[in-house]
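Protein chains: 2
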Amino acid sequence: MDLGELARTRRSLHSYTDDELTKDAIMGLFETVRTAPSSFNLQPWEFLTVRSESGKERLKDCAYGQQHVTDASAVVVVLGHLNRSSFAERTLEDQVEKGYRSRENADELLDMFEHEELQDNVEWTVQSCTIAATYLMLAAWNNGIASCPMAGFDPRSVENEFDVPENLHPVLMVTLGYPDLSSREWNRERKWRRDVEDMVNFEELSFS
Amino acid sequence: MDLGELARTRRSLHSYTDDELTKDAIMGLFETVRTAPSSFNLQPWEFLTVRSESGKERLKDCAYGQQHVTDASAVVVVLGHLNRSSFAERTLEDQVEKGYRSRENADELLDMFEHEELQDNVEWTVQSCTIAATYLMLAAWNNGIASCPMAGFDPRSVENEFDVPENLHPVLMVTLGYPDLSSREWNRERKWRRDVEDMVNFEELSFS
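In the order they appear, the protein sequences are chains Y and G. When you number the first sequence by the numbering used here, it's gap-free, plus one each residue, and the end is 208. When you number the second sequence by the numbering used here, it's gap-free, plus one each residue, and the end is 1208.
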């Protein structure tokens, strides 16, 4: 689907059919997700995909009991690496080989990444992982799969429940499933959006 | 362009032609951006779009002198509201009217949003604004306009230089311009991406 139509017709949805979302269908979406840009091309993301009833129940408990977690066919927990060193050697070497940066610069960056405090990188990893999560939502809708991004969960519970290593930060959950076109939610009028003129300022900020 | 092709062919680019990026062309991109999802549909974003040479010079100083800031035809500074109350009344009222939530729930949320500490909401606004920034990059490429997301700038300098109100947080810059197809950068081999099998785990995390 053309991006314009895709964006106009996509909507966050909690009401899904019971149709199975296969592993293959899910893996196909990630062929688009993997092309997402990230800071220094560090790709600091991991995707924990939960389809089992028991797994979704555990996630629902982490998400203050929100019903659409278990209603979804699958829930993807987007986790961000807090250490920029995770894939740095591989991606910087690639950038040196292809002429994007000098060996000296790559070595400097690698050294910097290896000596950072993990907690200083939360905002950094949230940015890159949210770009990837956005690709996931758009790729889903391009394949007829509805989604809803969720930030309303307790990251500590997710870490404990799913043995998340210390260097990974739970960024977002994305629920996935085929849209229930007979649902009340689907048939509600679309939500209000701000006008472009209200959001965009040229050269300086002015608030009316 | 279909999303799959759009994602595959898009690449972050610093090399732009001198062709003007008109205000109309830029405003057209935001017709797609405005459809982006956000937490509670609060749409906590403002876009400061800089096209003037003097404005880009000031932004370049905020971005540690990075040349592609002034090489770009336009730079969009994505700013996020730290107070969730900014558009809460408008959007919650809309959700009550259309049946998405009860009046009681909307009132509770509004009360909560009005009594929060701004600094607790950084991660929250970074998420919603990064979704919008991703829409901007994809909409640009769908219109033949290249872009590069940039987190490498000093947010305090941006705040001082452009009189950013205290309740707004600089999240990202996005450089925009028509791609210079004769540039060395454009003709370099594409950067490495992680394999899907390496990024996606089912049911539990396992790292090989």
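For every residue, glycine included, the Cβ atom is placed at its ideal position computed from N, Cα and C.
Residue i at chain G interface by Cβ criterion, 8 Å
i: Met199(Y); result: yes
i: Glu210(Y); result: In the structure displayed, chain Y extends from 1 to 208; residue 210(Y) sits before or after that span and is not available.
i: Thr91(Y); result: yes
i: Met1(Y); result: yes
i: Glu112(Y); result: Here the sequence assigns Met to residue 112(Y), which means Glu is not the residue at that position. No, Met112(Y) does not count as interfacial toward chain G.
i: Met173(Y); result: no
i: Leu21(Y); result: no
i: Asn142(Y); result: yes
i: Pro179(Y); result: no
i: Pro170(Y); result: no
i: Thr49(Y); result: yes
i: Thr70(Y); result: no
i: Glu46(Y); result: yes
i: Ala63(Y); result: no
i: Val196(Y); result: yes
Where residue i sits in the DSSP three-state scheme
i: Thr49(Y); result: strand
i: Met150(Y); result: strand
i: Tyr16(Y); result: strand
i: His1115(G); result: coil
i: Met1(Y); result: coil
i: Phe40(Y); result: helix
i: Thr1175(G); result: strand
i: Gly1028(G); result: helix
i: Asn121(Y); result: helix
i: Val76(Y); result: strand
i: Pro155(Y); result: helix
i: Leu1181(G); result: coil
i: Val200(Y); result: strand
i: Leu1109(G); result: helix
i: Leu59(Y); result: helix
i: Leu82(Y); result: coil
i: Leu168(Y); result: strand
i: Asn143(Y); result: coil
i: Asp71(Y); result: helix
i: Leu6(Y); result: helix
i: Thr1130(G); result: helix
i: Thr1035(G); result: coil
i: Glu194(Y); result: In the sequence under discussion, the amino acid at residue 194(Y) is Arg, which differs from the Glu named in the question. Correct three-state label for Arg194(Y): coil.
i: Leu205(Y); result: coil
i: Leu21(Y); result: coil
i: Tyr100(Y); result: coil
Contact under 8 Å by Cβ, residue i with residue j
i: Met1173(G); j: Ala1063(G); result: yes
i: Thr35(Y); j: Arg1008(G); result: yes
i: Leu1013(G); j: Ala1140(G); result: no
i: Ala88(Y); j: Leu21(Y); result: no
i: Leu1110(G); j: Leu1082(G); result: no
i: Asn1121(G); j: Arg1084(G); result: yes
i: Leu3(Y); j: Thr1017(G); result: no
i: Pro149(Y); j: Pro1149(G); result: no
i: Val1196(G); j: Met27(Y); result: yes
i: Arg1194(G); j: Gln127(Y); result: no
i: Ser1039(G); j: Ala133(Y); result: no
i: Pro1118(G); j: Leu1006(G); result: Reading the sequence as shown, one finds Leu at residue 1118(G) and not Pro. No. Outside cutoff.
i: Val50(Y); j: Glu1053(G); result: no
i: Glu1123(G); j: Glu116(Y); result: no
8 Å Cβ shell around residue i - same chain, five flanking residues per side excluded
i: Leu79(Y); result: Trp45, Glu46, Phe47, Leu48, Cys129, Val164, Leu168, His169, Pro170, Val171
i: Tyr178(Y); result: Tyr16, Thr17, Asp19, Leu21, Ser73, Gly144, Ile145, Ala146
i: Arg184(Y); result: Ser15
Close Cβ partners of residue i (< 7 Å) along its chain, the five nearest in sequence each way excluded
i: Lys60(Y); result: Gln66, Val69, Thr70
i: Met1(Y); result: Asn142
i: Arg1103(G); result: Val1096
i: Asp1180(G); result: Ser1015, Tyr1016, Thr1017, Trp1186
i: Glu57(Y); result: Thr70
i: Ile131(Y); result: Ala36, Pro37, Ser38
Same chain, Cβ closer than 6 Å to residue i, neighbours up to 5 away in sequence not counted
i: Gln1095(G); result: Arg1101
i: Pro155(Y); result: Pro170
i: Glu1114(G); result: Ser1085
i: Lys10(Y); result: One detail in the question is off: residue 10(Y) reads as Arg in this sequence, not Lys. These residues qualify, in order along the chain: Trp141.
i: Gly55(Y); result: none
Any chain Y beta carbon closer than 8 Å to residue i
i: Ile1145(G); result: no
i: Arg1101(G); result: no
i: Trp1124(G); result: yes
i: Asp1163(G); result: yes
i: Arg1188(G); result: yes
i: Ser1015(G); result: no
i: Pro1037(G); result: yes
i: Ser1085(G); result: no
i: Phe1153(G); result: no
Decide yes or no for the touch test of the segment 1150-1164 of chain G against the segment 1177-1195 of chain G: beta carbon pairs closer than 8 Å, at least 3 of them.
In this structure the segment 1150-1164 of chain G does not lie against the segment 1177-1195 of chain G, because fewer than three pairs of beta carbons, one per stretch, are closer than 8 Å.
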